[in-house]
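To start, the structure under review is shown below, and the notes come after it.
Residue numbers (UniProt numbering): 1 to 317.
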């Protein structure tokens, strides 16, 4: 994204950046994290707390939302050189829908949506590397690394804000397919269990059902039984971390291949059959276009590895 620099000395130095209308509305911490790629989050937040980051010569909090015309003072924190060689390999992903406001891709399993937590880069960084001409490209939501399927990215700030508002207010429908352990009984079932994030002793993020957690609602529909396994449809009515995975595991039906909430024995069994991933796929999105309001229904078929497993289960009940 091109910036209007009002003043800049030889690095490292104070920079003063003018905010344009397309950037307005985002939080100052998110703006800085995107602008100062490679700088640790802790450095950004420390600079804000210490008053080194200023907007229109005044101190601000991390949740301040920048406005068009704001002059942002950026202290001489460590920044990557603009002429440094590109470290993120560009990548193209199957495009399901694209216009000047948004991009929807079919993300493969095993690819993180963004860098962090031991992952140096993800889909968003690779797409930015592959599309240097795009002035704006941001994730509108998330998918777990081992989940495949439909992922929305915004190409305009206005579209991103509208998509966030839509999802927060439950205005869209996100549908998934999951193969789970066990014989699922009900044709249609609403799961309403509160979910709470927690950390393991090793610092790994997990989620559990807990009365102190946030409300979470998943609608499950039975698609097909395969004896000891069942193919389910899952519709998210809230968007909590690991929601489908934890809701299904809590009922005794963990997703096949889930390395956090499932069985090691089941995962090993399906790996021998060629499924070296979690069987969870974001298959359908129903939403209104964030700018025009046009109704959209986007789909992504199950990946070949998942279809192969279903064929195997069909032949080996």
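Every residue, glycine too, gets a C-beta built ideally from N, C-alpha and C.
Self-check item: Same chain, Cβ closer than 6 Å to residue 287, five either side skipped, listed in chain order
Solution: Here residue 287 corresponds to residue number 287 of the chain shown, with the count starting at 1. For residue 287, where only same-chain residues beyond five positions count, the Cβ hits under 6 Å are 172 and 296.
Practice problem: Along the alpha helix (DSSP H) that carries residue 45, what are the first and last residues, could you check? | Solution: Walking along the chain shown from the start, residue 45 turns up at place 45. DSSP places residue 45 inside the alpha helix (DSSP H), whose first and last residues are 41-49.
Quiz item: Given residue 92, which residues of its chain have a CB within under 7 Å of its CB, disregarding the five upstream and five downstream residues?
Solution: Taking the first residue of the chain shown as 1, we reach residue 92 at position 92. Apart from sequence neighbours up to five positions away, the residues of its chain that approach residue 92 with a beta-carbon distance below 7 Å are 130, ordered along the chain.
Quiz item: Got a sec, what are the start and stop residues for the beta strand (DSSP E) residue 218 sits in?
Solution: Residue mapping note: residue 218 aligns to position 218 of the chain shown, counting from 1. For residue 218, the enclosing beta strand (DSSP E) has its first and last residue at 217-226.
Exercise. Check the DSSP bridge columns for residue 299 and list the partner residues they point to.
Key: For the purposes of this step, residue 299 is identified with residue 299 of the chain shown, where counting begins at 1. Per DSSP, the beta-bridge partners of residue 299 are 284.
Practice problem: Please confirm whether residue 191 and residue 218 have their CB atoms less than 9 Å apart. | Solution: By one-based count along the chain shown, residue 191 stands at place 191. By one-based count along the chain shown, residue 218 stands at place 218. Taking 9 Å as the Cβ cut-off, residue 191 and residue 218 qualify as a contacting pair.
Exercise. Taking the CB atoms as reference points, tell me whether residue 124 and residue 143 lie closer together than 9 Å.
Key: Along the chain shown, read from residue 1 onward, the residue named residue 124 stands at position 124. Along the chain shown, read from residue 1 onward, the residue named residue 143 stands at position 143. No, the Cβ-Cβ distance between residue 124 and residue 143 is not below 9 Å.
Self-check item: Inter-residue Cα distance where the pair is residue 83 and residue 229
Solution: Counted from its first residue, the chain shown places residue 83 at position 83. Counted from its first residue, the chain shown places residue 229 at position 229. Low confidence applies to residue 83: its pLDDT is 49, below 50, so where it sits in the model is not reliable, and the reading given next is rough at best. Rounded to the nearest angstrom, the two C-alpha atoms are 53 Å apart.
Practice problem: Compute the beta-carbon to beta-carbon distance between residue 76 and residue 13, rounded to the nearest angstrom, for a pair I have assumed lies under 8 Å. | Solution: As a first step, residue 76 must be located in the chain shown, where it is residue number 76. As a first step, residue 13 must be located in the chain shown, where it is residue number 13. Between residue 13 and residue 76 the Cβ distance is about 5 Å, and since that is below 8 Å, they are a contact.
Quiz item: With 16 as the cutoff for other CB atoms within 10 Å, does residue 258 come out buried or exposed?
Solution: For the purposes of this step, residue 258 is identified with residue 258 of the chain shown, where counting begins at 1. Its Cβ being crowded by 16 or more others within 10 Å, residue 258 is buried.
Practice problem: Report the rounded CA-to-CA distance for residue 54 versus residue 28, giving the unit in angstroms. | Solution: Within the chain shown, residue 54 is the residue found at index 54, counting from 1. Within the chain shown, residue 28 is the residue found at index 28, counting from 1. Cα-Cα distance, rounded: 10 Å.
Practice problem: Give the range of the beta strand (DSSP E) segment to which residue 157 is assigned. | Solution: Position 157 of the chain shown, counted from the start, is the residue given in the question as residue 157. If you look at residue 157, you'll find it isn't in any beta strand (DSSP E); it sits in the alpha helix (DSSP H) that goes 157-168.
Quiz item: Where do the ends of the beta strand (DSSP E) carrying residue 104 lie?
Solution: Translated into the one-based positions of the chain shown, residue 104 becomes position 104. Run containing residue 104: 102-107, per the beta strand (DSSP E) assignment.
Quiz item: Counting pairs of Cβ atoms below 8 Å between the segment 229-246 and the segment 160-178, do you hit three or more?
Solution: Verdict: yes, contact present.
Quiz item: Who are the near neighbours of residue 2 in its chain, counting only those whose CB is closer than 8 Å to its CB and skipping five residues on each side?
Solution: Taking the chain shown and counting its residues from 1, the one referred to as residue 2 is at position 2. For residue 2, the predicted model reports a pLDDT of 43, less than 50, meaning its position is unreliable; a value from the coordinates is still stated below. Only 135 meet the Cβ criterion.
Quiz prompt | Straight-line Cα distance separating residue 273 from residue 67 | solution = Counting from 1 along the chain shown, the entry for residue 67 is found at position 67. Counting from 1 along the chain shown, the entry for residue 273 is found at position 273. Rounded to the nearest angstrom, the two C-alpha atoms are 54 Å apart.
Quiz item: What is the DSSP secondary structure of residue 269, reduced to helix, strand or coil?
Solution: On the chain shown, position 269 is the one that residue 269 refers to. The DSSP-derived three-state label of residue 269 is helix.
Quiz item: Ends of the beta strand (DSSP E) at residue 177?
Solution: By 1-based counting over the chain shown, the position of residue 177 is 177. From DSSP, the beta strand (DSSP E) with residue 177 extends over 173-181.
Quiz item: What residues match up with residue 154 in a beta bridge as DSSP calls it?
Solution: As a first step, residue 154 is located in the chain shown; it is residue number 154 there, counting from the start. Partner residues in the beta bridge of residue 154, as assigned by DSSP, are 102 and 138.
Quiz item: With DSSP run on the structure shown, which of helix, strand or coil describes residue 71?
Solution: Here residue 71 refers to the residue found at position 71 when the chain shown is read from its first residue. In this structure, residue 71 counts as strand in the three-state DSSP scheme.
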